[in-house]
Amino acid sequence: MLFTILWLPLLGFIAGSLFGHYIGRIGTVFFTTFNIFLTFVFAFNLFKQQLIQNTIYVFSIAPWILTDNLNIYWEIQLDSVNIILMCVVTFISTIVHFYSAEYMQHDPHLPRFMAYLSLFTFFMLILITGSNFLQMFVGWEGVGLASYLLINFWFTRLQANKAAIKAMLFNRIADLMLLIAFFTIVMAFETLDYTIIFTSADILKNMNIYFLNQQYNVIDFICIFLFLGAMGKSAQIGFHNWLPDAMEGPTPVSALIHAATMVTAGVFLLVRCSPLFELSTPALIFVSIIGALTAVFGASIGFFVNDLKRVIAFSTCSQLGYMMMACGISQYSTALFHLTTHAFFKALLFLAAGSIIHASFDEQDTRKLGGLIKFLPLTYICFLIGSLNLSGFPFLSGFYTKDIILEQTYSTYTTIGWFCYSLGILAAFLTAAYSMRLLLLVFLVRPNQSIHFLYTTFENKAPIKYSLIILAFVSIIAGNILTEIFYGFGTTFYSQAIFFNQNTQNIGDIEFLTTSIKSLPLIVTFFGIFFSILYYTAFKKYFILLKIRYKNFYAFFNKKWFFDRIANQIFGSFSLNWALYYTYVASDRGLLEIFGPTTICRVTETFLNATKRKKINQAYYY
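Per the working numbering, the sequence shown starts with residue 447, numbered consecutively.
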């Protein structure tokens, strides 16, 4: 069954890419969607077995690299962590495949699109089921390749080309950091196998290495560079620039990237490497600070961006910050819990946004929408459920996970914990504010379109409707059902797959927090909702005047903290100028032309001309 789970998505990719012309559009859609659905059924069956047995299995397929000092086998590891992710990835992928059948029905390259979706799912499954770092890296690079193909699916658009290259470039920089960590692991442990590394890490915790003539603790060095690699995939601050531009791809691609694949890979890497990170206090502090800053960064931009899909993209960036923050305080199961619930309501938000764009003739500027509640009532309900989940509204999935993370950061009773808690509270306020702002601008405020535009806007067909209904239902119940599995005193679901340091586990402490601390996230959530309502109703003119008066403040957030400008003007321009003046002007046109064929031709021509003139003068003299 496990091998079937891995090969069914690959079979769908082969059928869609090589034989899509022969089986047709309907045949490709049916074959790829059915394969992914069957994969989800098998994965869910394994999840039910794991609930009972709660063990770790390693299945060896074939030897891969056999040398004197390094032996790597192609193996599949099955435990609680990757079974949960297998269920999430295959479920979201099934919904996205089914949704894409209607959303992309008019695209002439639909078979190729469905094949790419299956390839994306296949590489994500390879990433999470590997038993060693090298096998995980194959899936890691594979999802990067698939994301490039899907972001650049409409390759005739210049912006899609630029967005795909940008995603590839930022991820290659982060992957270099990850490779440095892998090289260090091989040098220190002489293996890349998870089991050997995690069981022997405690022995090498006092070992030091030299890098750039500086001495570092080997575990600290490995963990920090592992996190730097994860920052690229999970779009943490500094490596986030590719994430909003990835919206240039079709909306189902955005749902798959942001909900189940690609961006969750970094969080999975940290959860998988919990035995290493628990031995490195500096790495955990670094992870906590970066996660907290990313949570505030993404939420602050989301309130000032006007593009519908980009607002949801920055909300993903913010929520990934919450997950990293949970990993930084050693609450890996809570991070995985938030990853799971976030996948459901983020897929719901993106697919609902796709429904809006599809029904509104590809319009996604929120300033040009409004009043769609009368024309898209089902989409409004689903978008409302997703927004309330994102805001952390009581008794929805997002409420359970976000509040637990904030309470755990506070109950660490450390300076870093309180710093993360403060930024998390600020991010919670901003998240509720931009979620309600998006609802108001798209559905509730006065329409900003023409009458013809409104009367030609209608609900989409059955595949899109059913996809939204299923995700809305799962988003409502997932948090309540999975709480007992992921979190609490009685659960032992992750006892074999995640390393729990008894010195950092503060499950009992959050039960003794004061009522004001426990209720503060809920209070700021409601305050953020009411702030947005007042912003666009009673005090709209006042806020417009403030926006005009403090336009530089508004531009700072609207331009995404000027990270793109910094990257372009400092790093991009410097690199291009350096390449022009030093490698081209000085080297190619300088040294190579002086000692190369240009100089030889010029000297030869000068010599021949001189010889020719000399002979002419001699002939004239005689």
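Virtual Cβ for every residue (Gly too), placed ideally from N, Cα, C.
Looking at C-alpha atoms only, which residue of Q523, F480, A799, W586 is the closest neighbour of I910? Comparing Cα positions, the closest option is A799.
Anticipated Cβ contact below 8 Å, A613 with Y640, distance rounded: For A613 against Y640, the beta-carbon gap comes to about 28 Å, at or over 8 Å, which does not count as contact.
Assuming L604 and G585 make a contact with CB atoms under 8 Å, what is their CB distance in whole Å? That pair is no contact at about 30 Å.
L622 lies in the alpha helix (DSSP H); which residues open and close that run? Where L622 is concerned, the enclosing alpha helix (DSSP H) stretches over 604-635.
Just to confirm the assignment, what range does the alpha helix (DSSP H) spanning Q495 have? In the DSSP assignment, Q495 falls within the unbroken alpha helix (DSSP H) covering 466-499.
Any idea what DSSP makes of G748, helix, strand or coil? Under the three-state reduction of DSSP, G748 is assigned to helix.
So, using beta-carbon positions, are T870 and I851 closer together than 8 Å? Thr is not the amino acid found at residue 870; the sequence shown has Gly there. Contact: yes.
May I ask you to list the residues that DSSP assigns as paired with S506? S506 is bridged by DSSP to E521.
For F1009, name the three-state secondary structure that DSSP assigns. F1009 falls in the helix class under three-state DSSP.
Return the CA-CA distance between F972 and A878, expressed in angstroms with no decimal places. So the alpha carbons of these two residues sit roughly 7 Å apart.
Taking the continuous beta strand (DSSP E) assigned at Y982, which residues delimit it? Counting along the chain, Y982 falls outside any beta strand (DSSP E), and DSSP gives it neither H nor E.
Would you mind reading off the limits of the alpha helix (DSSP H) that contains Y846? 843-856 is the extent of the alpha helix (DSSP H) around Y846.
Taking Cβ positions, are T478 and L563 nearer each other than 8 Å? It is a contact, given that the beta carbons lie within the stated cut-off.
Alpha-carbon to alpha-carbon, I529 and T520: One detail in the question is off: residue 520 reads as Trp in this sequence, not Thr. Cα to Cα, the separation comes out at about 18 Å.
When R892, I626, T1045, L715 are compared against F657, the one with the closest alpha-carbon: Nearest C-alpha to F657: I626.
Per DSSP, what are the beta-bridge partners of L797 in this structure? Secondary-structure assignment with DSSP links L797 through no beta bridge to anything.
For N752, which residues from the same chain have a beta carbon less than 7 Å from its beta carbon, with the 5 sequence-adjacent residues on both sides left out? Around N752: D811, T812, R813.
Between which two residues does the beta strand (DSSP E) holding F657 run? Counting along the chain, the beta strand (DSSP E) containing F657 begins and ends at 654-657.
Quick one: what's I511 bridged to in DSSP? Listed as beta-bridge partners of I511 by DSSP are I518.
Taking only three categories from DSSP, how would you classify Q660? Note: Q660 maps to strand in three-state DSSP.
State the Cα-Cα distance for the pair F476 and L464, rounded to the nearest angstrom. Straight across, the Cα-Cα distance linking F476 with L464 is about 16 Å.
Continuous alpha helix (DSSP H) stretch holding T929: start and end: Looking at the DSSP string, the run of the alpha helix (DSSP H) that includes T929 is 908-932.
Express the C-alpha separation of T540 and I922 in angstroms, rounding to a whole number. Distance between I922 and T540, taken at the CA atoms: about 19 Å.
Taking the continuous alpha helix (DSSP H) assigned at I597, which residues delimit it? Taken as a continuous stretch (DSSP letters only), the alpha helix (DSSP H) holding I597 covers 579-597.
Within its chain, find whatever has a CB closer than 7 Å to the CB of D525; leave out the 5 residues flanking it on each side and keep chain order. Annotation for D525: I502, Q942, A943 place their beta carbon closer than 7 Å to its own, counting only its chain and skipping 5 residues before and after.
Alpha carbon to alpha carbon, how far is F671 from V709? Give it in angstroms, no decimals. Taking the straight line joining both Cα atoms gives about 17 Å.
How about L456 and F583: do their beta carbons lie closer than 8 Å? Remark: C-beta atoms of L456 and F583 do not approach each other more closely than 8 Å.
May I ask you to check if the CB of S978 is nearer than 7 Å to at least one heavy atom of the ligand FMN? The ligand content of the structure shown is nil, which means the ligand FMN is not present either.
Please identify the residue among T474, G844, Y826 whose C-alpha is closest to the C-alpha of L928. The option with the nearest alpha carbon to L928 is G844.
Give a yes or no on contact between the segment 726-740 and the segment 767-782, applying the rule of three or more CB pairs nearer than 8 Å. Yes, the segment 726-740 is in contact with the segment 767-782.
Cβ atoms of L650 and A634: under 8 Å apart, would you say? In this structure, A634 lies near L650, with their beta-carbon atoms less than 8 Å apart.
Spell out the partners DSSP gives G576 in its beta bridges. Paired residue(s): I522.
Check for me: the alpha helix (DSSP H) holding W600 runs from which residue to which? Element bounds for W600: n/a, residue is neither H nor E.
Determine the direct distance from the alpha carbon of A610 to that of V1031, and round the result to whole angstroms. If you draw a straight line from the Cα of V1031 to the Cα of A610, it comes to about 30 Å.
Just the Cα atoms here: how many angstroms apart are H1123 and Y1027? This structure leaves residue 1123 out entirely; the chain is present only between 447 and 1068.
Sort out for me which residues DSSP pairs D639 with in a bridge. In the DSSP secondary-structure assignment, D639 is bridged to N578.
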